[in-house]
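These protein sequence lines are chains Z and D, in that order.
Residues 20 to 129 in the numbering used here are what the first sequence spells out, letter by letter.
Residues 10 to 121 in the numbering used here are what the second sequence spells out, letter by letter.
A virtual CB, placed ideally from N, CA and C, is assigned to each residue, including glycine.
None of the values given here were measured: they were computed from a predicted structure.
Encoded as structure tokens, the structure appears first; notes follow it.
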Amino acid sequence: GDSVTQMEGPVTLSEEAFLTINCTYTATGYPSLFWYVQYPGEGLQLLLKATKADDKGSNKGFEATYRKETTSFHLEKGSVQVSDSAVYFCAVSGNTPLVFGKGTRLSVIA
Amino acid sequence: DSGVTQTPKHLITATGQRVTLRCSPRSGDLSVYWYQQSLDQGLQFLIQYYNGEERAKGNILERFSAQQFPDLHSELNLSSLELGDSALYFCASSRGDGTEQYFGPGTRLTVT
């Protein structure tokens, strides 16, 4: 079945540092790819998505590019803020409902 | 605010009991999904309903059941509760089948 592997955390960065969270997937067909974010005490929020190869999803300074050749969807942000501290989940939607990675906890310190 | 509502926000109950969690999807969304989030298991997909019909099943225990009503709200029933059922239970909804999902704030279940 579909699966997602994302880098384990926690990841701790200083404010204004560059962020990369790696995500690779396996899925049949032509899956859509998503990044969700979960702030402390809240539900998951859709951060960005890409529905076909080479698409770039972007939102709030975060970006991820759908790379079919490497089956990857890495999340990047050029300059993180303390308010970005949260858990980030990569997800794939192929022939099944969303399959999530285990999540990566990001802590940004001032 | 995603537009998905869940009640109750918190639930504390004893082992062996039965509880019902409720979810109202975003206006216009036909699909409802239930997830369990725990520290050791991560985010686990339980079940999906689409326009009143069961569409997909994940790691849902036989002690758990769900349904989606004609007004599209959904309920997740958990019975014969065990300590290990303590978790956050999320509901999500989507327009169709396989499109992006919008999550509710969750119900935190504590079984004592």
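Leaving out five residues on either side along the sequence, give the residues of the same chain with a beta carbon under 6 Å from the beta carbon of residue 50 of chain Z. 111, 112, 113
First through last residue of the beta strand (DSSP E) which encompasses residue 73 of chain D: 73-77
Look up residue 95 of chain D in the DSSP assignment and give the residues it is bridged to. Residue pairing for residue 95 of chain D: DSSP places it in no beta bridge.
Using a Cβ-Cβ distance cut-off of 7 Å, determine whether residue 59 of chain Z contacts chain D. no
Starting from the C-beta of residue 91 of chain Z, find all residues in its chain whose C-beta is less than 8 Å away, skip the five residues before and the five after it, and write them out in chain order. 41, 42, 43, 44
Just how far apart, CA to CA, sit residue 126 of chain Z and residue 79 of chain D? 43 Å
Which runs of the beta strand (DSSP E) at least 3 residues long sit entirely within the stretch 41-69 of chain D? Give them in chain order. Listed in chain order, the complete beta strand (DSSP E) runs (minimum 3 residues) inside the stretch 41-69 of chain D are 51-59, 62-66.
Have a look at residue 76 of chain D and residue 86 of chain D and give me their C-alpha separation to the nearest angstrom. 9 Å
Applying the 10 Å Cβ sphere with the 16-neighbour rule, what's the burial state of residue 116 of chain Z? buried
Find out if the Cβ-Cβ distance for the pair residue 44 of chain D, residue 83 of chain D is shorter than 7 Å. no
Among the residues of its own chain, which have a CB less than 6 Å from the CB of residue 65 of chain D, if the five just before and after it don't count? 57
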